[in-house]
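Q:
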Amino acid sequence: MNHAKGDLLTVDVGAREAETTDVDEALSAFVGGRGVATKLAHDRIPFDADPFGPENRVYFSSGPLQHSQMSFTGRMNMTGLSPLTDGLCSTNAGGYLSRNFVDTGHSVVEVTGASDDLLAVHVRDGGGDGAPAVEFEEVPELAGAEVPAVTEAMRDRHGLESEHLATVGPAGENRVRFACVMTSDTRAFGRGGLGAVLGAKNVKCLTFAGDSPARVELPEGIQSEVHREAATADDVMKRQGTTNGTEFINDEFGLPTRYFSEMSFEGVEGIGGDAVEEKKYKKAACSMCAFACKLPTRDEERGVETEGPEFETVMAFGSNAGVDDVVDVMISNDRCDALGMDTISAGDTVAAYLASEDAFGDAELVHETLEKIARREGVGDTLAEGVARCHDELGVENWSVKGLEFAAHDGRAIHGQGLSYAVANRGADHMYSSFLSLEYNGEVDPKGLDGKPELLIERENRQVVRDSGIFCAFASGYVDDEARAELLDADFEDLLAVGDRVIELERHFNNRRGFDREDDRLPYDLPGFEAALDEYYDLRGWNPDGTVPAGHVAGGGGGVADD
């Protein structure tokens, strides 16, 4: 099996020490990316760790495909114990960071401990003596700095551009529970609040650069074929990104509106794909990718220039906030990028606040509230905790699963996606299984749950393969299962088995932190839900209470054996 190459670099920011460990056995078993990071996190983070404590660990990891020249591979993974969900969480980001990361020669970089001083941590390829090359730079003057300002500082001091950086904005420093980590200024390791974990460790940014990649040999022919198809395809995604289906979903399925109180938005034309395309002014892509689906947008009249918004952001700051002007959504998107916040969680939380104030449609209040959240000022201090922790105080319903706010694809209309939100180890995230695609395109009936647990398991396992390879989610129409198996030099069923093991490691870790069936819940009813939950657990080989049976998982957090 082709897998990521290189060692594990552990960076203790409290002790300001670094060491390397051979993890080839874990890499060969879990491919790379999310797979190997989940294995390491499960075995090395104590089950009783405080997400904001020095014992929590954050993992940056690449996959074998980040050594290719192929489109749809400009991504990398980040994993840690989430302060938002209180369980293991993996998220990935596009841009150009992944190639700079693999050039350091490491397959995984682990950050642990906590610094007394605000740091920039610089990771380079090792020196001639084989010792890891890590520099700890104190940067007290960057306290409170927004993401672009950090990029400017690293450029001036070290000649590093945004694609070398993984940066925390003010939200991360202030431990906003849905703070993200930004790279290339506009690409986010978005979900789960791992930016707040780095903030708690007093790490403002990490930089990656080198010229010593641990090369992975991959078949050439298929890379060229995929690259050619990506370059020549006439795909609406190249013009409108994920917003291309906004009006279709609104009309045929359901677009969360006014904090989930409605399922269609009368102002959808003002925030949909055509509205976004009108603001797009050039092409943009991730590393090595000819598909170029990114959305650089600007509005000269109001002086905003950003990348996006994508569909999830259009929902969170558009329909769910009652806002029908795409420029207002662009401003929200831009501020979240600069402040370092996940647009989905931030938008849903602001929508909850608007519901409590009867202020839907007030875009100015939305923008003011984002600033307060990032700096924990006034009501922002309450909202920075996320919907699950602040809904009672606001007097609104708790639209979250396991503490993670909902994505745009409404499980009340597409029931398999609803089941996916409930059982996903990281909560209400649409990318965990992407079951929605089967229901949107008519492969399965959107209504009902009969037969869907088995399909859902296959989809969840498949997305682990995607996130471990690492493939972009948009590769699905260009890289089929046969091609993925050829690239990774493995039978695809064996790759799905890797996915199964990773899902179980996540579930086991969360079980040890107290998660069980009662956490696999939705804020709405679905027909046949309890029976489908039983079937899902049974097919996974888990207990009826949603826990992994004793003996299924060897080892444990902090080296504690399963019992």
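Each residue of the sequence shown is one higher than the one before, counting from -10 in the numbering used here.
Ideal placement from N, C-alpha and C gives every residue a C-beta, glycine not left out.
As the structure is a computational prediction, the values presented were derived from the model and not from experiment.
1. Can the beta-carbon of A510 be found less than 8 Å from the beta-carbon of G76?
2. I'd like the ranges of any alpha helix (DSSP H) spanning at least 4 consecutive residues and lying wholly in the region 399 to 441.
3. Relative to the alpha-carbon of G179, which residue among A189, V165 and V192 has its alpha-carbon at the smallest distance?
4. Is the beta carbon of S79 less than 8 Å from the beta carbon of M65?
5. Roughly how many angstroms separate the alpha carbons of V549 and L494, rounded to a whole number?
6. Pick from D106, R113 and G102: whose alpha carbon is nearest that of G94?
7. What's the call for S213, buried or exposed, on a 16-neighbour Cβ count within 10 Å?
8. Compare the beta carbon distance of V433 and L425 with 8 Å and say whether it is the shorter of the two.
9. Give me the DSSP bridge partner(s) of A168.
10. Which residue or residues does DSSP assign as beta-bridge partners of E449?
11. Between T302 and the rest of its own chain, which residues show a CB-CB distance below 6 Å, the 5 nearest in sequence each way excluded?
12. Near G52, what residues of its chain come up, given a Cβ to Cβ distance below 7 Å and the 5 sequence neighbours on each side ignored?
13. Can you look up N277 in the DSSP assignment and give me helix, strand or coil?
14. Does the distance from the C-beta atom of M171 to that of G3 stay below 8 Å?
15. Nearest by alpha-carbon distance to T232: which of E471, A198 and K269 is it?
16. So what does DSSP say about E360, is it helix, strand or coil?
17. Can you tell which of V157, G503, V312 and E519 has the C-alpha that lies nearest to the C-alpha of V537?
18. Check for me: the beta strand (DSSP E) holding D1 runs from which residue to which?
19. Could you give the C-beta distance for A281 and A273, rounded to a whole number, given that I count them as a contact under 8 Å?
20. Assess contact between the region 32 to 47 and the region 460 to 478, defined as three or more Cβ pairs (one per stretch) separated by less than 8 Å. Is contact present?
21. Are the beta-carbon atoms of T417 and V390 separated by less than 8 Å?
22. Can you tell me the Cα-Cα spacing of G243 and Y342, whole angstroms?
23. If I'm right that A168 touches G182 with Cβ under 8 Å, what's the distance once you round it to whole angstroms?
24. According to the Cβ coordinates, are H404 and L207 closer than 8 Å?
25. Reducing DSSP to helix, strand and coil, say where S572 ends up.
26. Roughly how many angstroms separate the alpha carbons of M420 and G437, rounded to a whole number?
27. So S50 packs on A203, CB below 8 Å; how close in whole Å?
28. Counting along the chain, where does the alpha helix (DSSP H) carrying G24 start and finish?
29. Out of T62, M59 and N45, which has the shortest C-alpha to C-alpha gap to S71?
30. Answer with buried or exposed for D(-4), where buried requires no fewer than 16 other C-beta atoms within 10 angstroms of its C-beta.
31. Which class does K269 belong to by DSSP, given the choice of helix, strand or coil?
32. Using only CA atoms, which one of E290, L359, H398 and V265 lies nearest to D313?
33. In angstroms, rounded to a whole number, what distance separates the CA positions of D592 and F481?
34. Between the alpha carbons of L354 and A185, how many angstroms are there, rounded?
35. Below 8 Å on the Cβ atoms is my guess for S104 versus N163; work out the distance and round it to an integer in Å.
36. If we ignore side chains and look at the alpha-carbon of each, how far apart do S250 and C275 end up?
A: The answer reads as follows:
1. Note that residue 510 is Arg in the sequence shown, not Ala. The Cβ atoms of R510 and G76 lie no closer than 8 Å to each other.
2. 404 to 412 and 425 to 429
3. V165
4. Contact flag unset, no.
5. With a pLDDT of only 37 at V549, under the threshold of 50, the placement of this residue in the model should not be trusted; the figure read from the coordinates follows. The straight-line gap separating the alpha-carbon atoms of V549 and L494 is approximately 14 Å.
6. Nearest C-alpha to G94: R113.
7. exposed
8. no
9. M330
10. Partner(s): none; E449 has no beta bridge.
11. Excluding positions up to five away in sequence, the list reads N322 and T332.
12. These residues qualify, in order along the chain: A(-7), V20, G21, G22, S457, G458 and I459.
13. Sequence inspection shows Met at residue 277; the Asn mentioned does not correspond to that position. The answer is coil: DSSP assigns M277 none of H, G, I, E or B.
14. Taking 8 Å as the cut-off, the Cβ atoms of M171 and G3 do not count as close.
15. K269
16. helix
17. V537 has its Cα closest to that of G503, out of V157, G503, V312 and E519.
18. For D1, the enclosing beta strand (DSSP E) begins and ends at D(-4) to D1.
19. 6 Å
20. no
21. Looking at the sequence itself, residue 417 is Ala, so the reference to Thr does not match. A contact, by the Cβ cut-off of 8 Å.
22. 22 Å
23. 6 Å
24. no
25. Nothing can be reported for residue 572: it is not among the residues displayed for the chain, which extend from -10 to 552.
26. So the two alpha carbons sit approximately 21 Å from each other.
27. 13 Å between Cβ atoms; not a contact.
28. G22 to R33
29. N45
30. By the Cβ-count criterion, D(-4) is buried, with 16 or more other Cβ atoms from all chains shown falling within 10 Å of its own Cβ.
31. strand
32. V265
33. No statement about residue 592 is possible, as the shown extent of the chain runs from -10 to 552 and does not include it.
34. 24 Å
35. Not quite, the Cβ-Cβ distance comes to about 16 Å (not below 8 Å), so this is no contact.
36. 36 Å
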